[in-house]
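Okay, structure first, notes after.
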Amino acid sequence: MVSMAKSVTKTSVAPDPMVERLRAALGQRAFTEQKMFGGTCFMLNGNMLIGTSKRGLLVRVGKAAHETAAARPHARPMEMGGRAMEGYVHVAPEGTATEADLDSWLDLALAFVETLPPKSKPAKVAKKRM
């Protein structure tokens with residue numbers, strides 16, 4: 355009898371340098387991370403603050419700052435499924451090349467998100483047993 359061992363190859367995902375940069379920039383703030391949109395979203399008090407993707411950052415700036423933020427270099431209005439997401443901008447990697455660039459986007463996002471009330475998770479509804 356021949357024994358055939360299964361070959362298992364484990365692949366590990368390399369850490370995203372942008373995620374590491376955002377963690378460092380957020381410092382001691384009480385934030386959470388959530389996998390979303392194919393990247394990592396940083397949440398502040400349950401509200402989305404900023405998110406990473408392979409193509410750059412998704413930055414929540416609010417409706418009042420949307421037009422100004424979208425006009426900045428390497429930024430454009432965020433679209434999802436062909437729909438404009440007012441209050442969010444996409445920033446190409448070139449727009450966050452330096453720590454000062456990243457900090458300016460993070461400061462803009464914090465200025466808006468810190469004005470929002472905290473979100474609480476909805477209570478779980480018990481399932482009926484049959």
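Numbering (this note's numbering), first residue to last: 355 to 484.
Just so it is clear, CB atoms sit at the ideal spot from N, CA and C, and this is done for glycine as well.
- Item | Alpha-carbon to alpha-carbon, Phe396 and Phe466 | 14 Å
- Query: How about Phe385 and Ser407: are their beta carbons less than 8 Å apart?
  - Reply: no
- Message: So, under 8 Å CB-CB, His420 and Ala446 are touching, yes? Tell me the CB distance rounded to an integer number of Å.
- Response: Not really, about 17 Å apart at Cβ, beyond 8 Å.
- Cβ pair Val415, Val443 closer than 8 Å: yes
- Tell me whether Leu464 sits in a helix, a strand or coil according to DSSP, three-state version. helix
- Run through DSSP, which three-state label would Ala429 get? strand
- Message: Quick check on DSSP: helix, strand or coil for Val373?
- Response: helix
- Message: Once DSSP output is grouped into helix, strand and coil, what is the label at Leu470?
- Response: coil
- Query: Based on Cα-Cα distance, which residue from Leu380, Ala379, Met402 lies nearest to Lys389?
  - Reply: Met402
- Which whole-angstrom value describes the C-beta separation of Leu398 and Gly405, a residue pair presumed to lie in contact below a C-beta threshold of 8 Å? With 8 Å as the limit, Leu398 and Gly405 do not qualify as a contact, their Cβ atoms being about 12 Å apart.
- Task: Measure the CB-CB distance between Leu460 and Ala379 and report whether it falls below 8 Å.
- Result: yes
- Query: Is Ala438 helix, strand or coil by DSSP?
  - Reply: strand
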